[in-house]
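In UniProt numbering, the protein residues as written are 1 to 226.
Inspection log for the structure reproduced underneath, given as structure tokens.
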């Protein structure tokens, strides 16, 4: 990619889109922890000092990518038809769909798992506010999807399920990606292998149990936070 200096608003916007697209492609090759500004600048053929003319920081780039991947995931879920059956059966089906759809999106899971510890650091207050507003919009859309599958849920129950899905994904994803030494240990010792985390199974089971508990407590609804 051979860039010339961007002189118009459209050229600057195009440069920024190229940087974001390149970073997104890099995340299909490496985890968030290994994506560096140096490698990003090399791939877009811009000096590191020049990249910050278009993006605030590595973390700001990753936050924007997280917002985009969340929108794509929710769009996929919005196109799925609710299951039939009892609330428990529909809840189990929804839990499985959420877990399986997350597992198909490793970049999203990696970004979620790094959000609090990496992505939300080294950004300006303005970027943080913009991201949280985007996140709130995504959460509202996901709440609507959940309530379409489980109309028994109020906003509070759906909100609690979204929060649980986010937190369990953040915890389960890195644990389901063991180091080479841990992989070797799992293969050598059956007792150790029993401790290996299956991301889809753990997330699906946790969400199914959460849904069952929320259904059982549906008449005990605290107010939805605003």
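Here a beta-carbon is modelled for each residue, glycine too, at the ideal position from N, C-alpha and C.
Note that the structure is a prediction, hence the values are computed from the model and not measured.
- Ranking 49, 195, 60, 190 by CA distance to the CA of residue 122 puts 60 first.
- Here residue 94 has 149 as same chain residues with Cβ atoms under 6 Å from its own Cβ, once five neighbours each way along the sequence are excluded.
- With respect to residue 65, residue 102 sits apart: the two C-beta atoms are not nearer than 8 Å.
- In the DSSP annotation of this structure, the continuous segment of the alpha helix (DSSP H) that includes residue 109 starts and ends at 106 to 114.
- Taking the C-beta atoms as reference points, residue 202 is found nearer than 8 Å to residue 172.
- For residue 153, no alpha helix (DSSP H) segment is defined, and its DSSP state is neither H nor E.
- Excluding the 5 residues flanking it on each side, residue 69 has same chain C-beta neighbours closer than 8 Å at 105, 107, 108, 111, in chain order.
- DSSP places residue 131 in the uninterrupted alpha helix (DSSP H) bounded by 125 to 149.
- For residue 167, the closest alpha carbon among the candidates 37, 186, 204, 71 is that of 204.
- Closest by C-alpha distance to residue 82, out of 206, 8, 151, is 151.
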